[in-house]
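Undergrad: Below: one structure in structure tokens.
Residue numbers (our numbering): 1 to 273.
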């Protein structure tokens with residue numbers, strides 16, 4: 001079981017950061033292209049930092065659950081208290097880019113600089129470097145090769161299954177673990193239109209978990225990902241659903257709740273590259 005906490009707040013698009021317009025991902029569904037500030041959406045993202053993060057961190061700590069925090073490095077620069085939380089909990093930082101921006105238009109030199117800047121920043125704020133990478137939706141033909149060259153040991157930009165595997169082809173002789181991510185159980189489903197209610201999201205996540213447990217009991221072990229966002233699951237009307245899910249998972253025997261780096265390292269032990 002992999003719990004993934006996305007931290008994008010504090011690095012979303014804004015004309016204050018030199019962007020052409022405000023952030024397009026907005027729970028209100030207002031997509032502005034004009035070069036103006038969307039104060040409402042800015043405050044919605046800030047809610048994730050001020051109120052959502054403490055709720056999520058407290059819940060993970062209460063249930064003794066380790067998470068992988070996919071962080072946009074700038075978010076931690078702007079909100080170092082989140083970096084301290086990750087470090088104090090002993091959880092894993094994963095790079096979600098230096099900023100929460102699309103990298104698919106970057107040329108090789110730009111993307112390499114983007115990756116290196118993220119690594120240096122996260123290492124500075126959290127105290128350890130990231131070994132995993134998750135892009136904002138899209139990546140380039142160069143991304144995986146650059147990650148290997150920059151010392152990453154696993155890549156998350158894959159939705160092809162429920163079992164980690166090796167990419168031995170991108171750089172022959174230098175394999176990288178692919179630790180798939182799932183978007184169907186992501187809490188973003190409570191933001192998108194049509195949106196799930198927290199009750200529906202919990203039911204779907206719990207049913208997904210139970211199905212994978214049955215497959216594991218039958219001799220075909222699987223991995224499940226649960227993607228979370230501070231500004232989404234951290235709301236009082238949603239956080240209870242995460243607690244119910246954690247209560248369900250932690251009561252199930254034979255389930256390993258691990259960071260994604262631990263999962264990649266386990267793959268290396270049981271199926272050496």
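Think of the CB as a built atom: it goes at the ideal place given N, C-alpha and C, for glycine as much as any other residue.
With distance defined between alpha-carbon atoms, name the residue in 161, 71 and 40 nearest to residue 181.
TA: 161
Undergrad: With 16 other CB atoms within 10 Å as the buried threshold, where does residue 179 fall?
TA: buried
Undergrad: Let me check understanding here. Comparing Cα to Cα, which of 220, 193 and 187 lies closest to residue 205?
TA: The shortest Cα separation from residue 205 among 220, 193 and 187 belongs to 187.
Undergrad: Does the pairing of the segment 78-94 with the segment 102-109 give three or more beta-carbon distances under 8 angstroms?
TA: no
Undergrad: Given that a residue counts as buried once 16 or more other Cβ atoms are within 10 Å of its Cβ, and exposed if not, what is residue 109?
TA: So residue 109 ends up on the exposed side.
Undergrad: Whole angstroms are fine: how far does the CA of residue 168 sit from the CA of residue 236?
TA: 44 angstroms
Undergrad: When you compare only the Cα positions, how much space is there between residue 89 and residue 61?
TA: 7 angstroms
Undergrad: If distances are taken between C-alpha atoms only, which option among 214, 176 and 185 comes closest to residue 263?
TA: 176
Undergrad: When DSSP labels each residue in this structure, what does residue 93 get in the three-state scheme?
TA: Reduced to three states, the DSSP call for residue 93 is strand.
Undergrad: Just checking my contact of residue 95 with residue 119 at CB under 8 angstroms: how many whole Å lie between their CB atoms?
TA: 7 angstroms
Undergrad: So the candidates are 172, 203 and 173; which of them puts its Cα closest to the Cα of residue 184?
TA: 203
Undergrad: Should the segment 216-235 be regarded as contacting the segment 45-60, the criterion being three or more beta carbon pairs within less than 8 angstroms?
TA: Taking a cut-off of 8 angstroms for Cβ pairs, the segment 216-235 and the segment 45-60 touch, as three or more such pairs fall below it.
Undergrad: Taking the alpha-carbon of residue 234 as reference, which of 248, 2 and 6 has the nearest alpha-carbon?
TA: 6
Undergrad: Buried or exposed: where does residue 253 fall if 16 or more other Cβ atoms within 10 Å of its Cβ makes it buried?
TA: exposed
Undergrad: Suppose only complete runs of 3+ residues qualify. What are the beta strand (DSSP E) ranges in the segment 130-203, listed by chain order?
TA: 165-167 and 176-178
Undergrad: Please check if any C-beta of chain D sits within less than 8 angstroms of the C-beta of residue 93.
TA: In the structure shown, chain D cannot be found, because there is only a single protein chain.
Undergrad: So what does DSSP say about residue 14, is it helix, strand or coil?
TA: coil
Undergrad: I need the straight-line Cα distance from residue 245 to residue 256, nearest angstrom please.
TA: 15 angstroms
Undergrad: Any idea what DSSP makes of residue 101, helix, strand or coil?
TA: coil
Undergrad: Just how far apart, CA to CA, sit residue 123 and residue 83?
TA: 10 angstroms
Undergrad: Since residue 277 and residue 223 should fall inside the 8 angstroms C-beta cutoff, what is the C-beta to C-beta distance between them, to a whole number of angstroms?
TA: The structure shown does not extend to residue 277, since the chain spans only 1 to 273, so no value can be given for it.
Undergrad: Distance, Cα to Cα, residue 67 vs residue 225?
TA: 10 angstroms
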